[in-house]
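Written below as C-alpha cells is the structure these notes are about.
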Ligand SMILES: *Cc1c(COP(=O)(O)O)cnc(C)c1O
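Residue numbers (my numbering): 189 to 588.
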C-alpha cells in the first residue's frame, strides 16, 4: 500500500475510494464544482493563508496545548494519556476551525450570505461567530423543538447577530431544518453559500472541512515529536460526521506505526435501536449528496439515531472515514452512553477538565484501553470541546 493514496485523497471527482462524490442534480454539481475551483485557487494565495493563519493564532488561540493527564494515567495503571485541548479554543470546540475557513472562503468568493442548519446549536454558534468576525450575513435554520431545548445556544446566535429561522414543519427538528436551509440556498446558489458542519455532504465539502480541521493533527504531531522525540502509539477521537477525528488523523496517516481509533456512540447498546454507530453497524449507502456508510431502516430510510451527545447522532459519516475503515488504516470502536457519562465525571474529577459529552466517548475508550497497555506507551485523545454546554443535563441526570 503506497503512502500516495492518503496524501492525494480525494480524487478530482471527490471520491475516497468508492465513497464521497456528488450525488446531487447536475445544476448543483456545477455550483459545487465552482466552489471547488474557487477554493483550490484561493487557498494557494498568500493573502488567504496569512489571514487564516493569523486568525487561528490570535482569534482562536492556536496552537491548542497538549496536556499530559498524569493523574488519570496513574490511576489506570497503563499507557500514558495525553489530551489535545481543542476545548480551549475560542467558542470552546473544534468547530470554529472550519467555520472560520468557510466564512473566509465565502468572503473571498464574494458571497452575500452564509446559510446553514443547526441541531443542538453548536454548528450555529461557531458559524455565527465566524460570520460576525468576517463581516458577512449569516442565516441559521433551526427546528422549533430544538430552539426550545437549546436556549443558551439560541441566545448566543441572536447576540452574535445571525438571522435565526425557526422551522416548524414536520417534526420541527434537525432534518426539517436541513430541508428548510437547503430550500433557501437553492434560491440563489451563485450568491449564497451553504456552510456544511462536518466532513460530510457533496464534494468539495468533505475535503475542504478536512483541510481546515487538519491543523489539529499538524500541531499535535509537531508538539508530540518535539516534546517526546517520538509519535504517540494511539490517537483517539469521537466520530459523528467525523471532522474532529479526521482533523487529528490526517497529519499521521503516513506514520504507519501510529494506530488510530474513531469512537462512535453505542448509545443504549449496539443490540438496541438506540445508537448511532454508523461505521460499526451501518452499510455502504447514500445520504446528503454523498456515498458513505449509512444506518438505514428496513424501508431504506435513514434510521432515527440516538446518542447522549447530540453532536454525534448522525446516521451517515464522512466518506473518508468509510474509506479508511475499509482499508483498515483506522479502527472504529464504540462507547455507550453510560461509559461516556462515567468518563465525563472521571476526567472532571481526576484532572479538573470537563469534556463535552461528544469528546467523552474518546475519553471512555482511552480509560478502557490504557490498562491493557504498558506505561511507556501513549494515547493522544482529542478533547473536541468543553462540557459547559452539558453540565446542567448531566447534573440533572445524576441528581447533583
Ligand atoms: C459537533 C461536535 C462533535 C461531532 O462532530 P465531528 O464532525 O464528528 O467532529 C464532536 N465534539 C464536539 C464538542 C462537537 O461540538
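All residues carry an ideal CB built from backbone N, CA and C; glycine is no exception.
Everything numeric in this text was worked out from a predicted model, so none of it was measured.
Evaluate residue i with the Cβ neighbour count: other Cβ atoms within 10 Å of its Cβ, from every protein chain shown; 16 or more gives buried, anything less gives exposed.
i           : result
residue 189 : Because the pLDDT of residue 189 is 43, which lies under 50, any placement of that residue in the model is unreliable, and the number read from its coordinates should be weighed accordingly. Exposed, since its Cβ has fewer than 16 Cβ neighbours within 10 Å.
residue 233 : exposed
residue 395 : buried
residue 207 : buried
residue 583 : exposed
residue 364 : buried
residue 209 : buried
residue 347 : exposed
residue 376 : exposed
residue 559 : exposed
residue 343 : exposed
residue 191 : Residue placement at residue 191 is poorly supported in this model, since its pLDDT is 47, which falls under 50; the coordinates still yield a value, given next. Label assigned to residue 191: exposed.
residue 196 : exposed
residue 585 : exposed
residue 334 : buried
residue 253 : exposed
residue 575 : buried
residue 339 : exposed
residue 237 : exposed
Sort out for me which residues DSSP pairs residue i with in a bridge.
i           : result
residue 426 : 451
residue 521 : 451
residue 589 : Not covered by the structure: residue 589. The range shown for the chain is 189 to 588.
residue 254 : 272
residue 207 : 204
residue 566 : 268
residue 543 : 574
Since residue i contacts residue j with CB under 8 Å, what's their CB separation in whole angstroms?
i           : j           : result
residue 450 : residue 520 : 5 Å
residue 544 : residue 506 : About 19 Å separates the two Cβ atoms, so there is no contact after all.
residue 387 : residue 430 : 5 Å
residue 453 : residue 522 : 7 Å
residue 384 : residue 393 : 4 Å
residue 317 : residue 284 : 7 Å
residue 423 : residue 194 : Not really, about 14 Å apart at Cβ, beyond 8 Å.
residue 457 : residue 524 : 6 Å
residue 204 : residue 511 : 4 Å
residue 412 : residue 529 : That pair is no contact at about 29 Å.
residue 555 : residue 531 : 6 Å
residue 478 : residue 390 : 6 Å
Ordered list of alpha helix (DSSP H) runs contained in the segment 285-367, each at least 4 residues:
310-322, 332-337 and 339-347
Jot down the residue ranges of each uninterrupted beta strand (DSSP E) in the segment 471-515, minimum 3 residues, whole runs only, in chain order.
471-475 and 478-482
Touching or not, the segment 482-499 and the segment 453-463, by the rule of three or more beta carbon pairs under 8 Å?
As far as the Cβ criterion goes, the segment 482-499 touches the segment 453-463, which means the pair count is three or higher.
Every unbroken alpha helix (DSSP H) inside the segment 364-423 [4 residues or more]
393-401 and 403-416
Check whether the segment 241-248 and the segment 527-545 are in contact - that is, three or more C-beta pairs closer than 8 Å.
no
How do the segment 285-304 and the segment 258-268 stand: do at least 3 beta-carbon pairs fall below 8 Å, yes or no?
no
Quick one: any contact between the segment 318-325 and the segment 353-372, if contact means 3 or more CB pairs under 8 Å?
In this structure the segment 318-325 does not lie against the segment 353-372, because fewer than three pairs of beta carbons, one per stretch, are closer than 8 Å.
Okay, do the segment 220-234 and the segment 266-277 touch, 3+ Cβ pairs below 8 Å being the bar?
The segment 220-234 makes no contact with the segment 266-277: fewer than 3 CB pairs, one atom from each, lie closer than 8 Å.
Are the segment 212-222 and the segment 510-518 touching, with three or more C-beta to C-beta distances below 8 Å?
Output reads no: the segment 510-518 does not touch the segment 212-222.
Ignoring anything shorter than 3 residues or poking outside the segment 214-260, list the beta strand (DSSP E) runs there in chain order.
254-256
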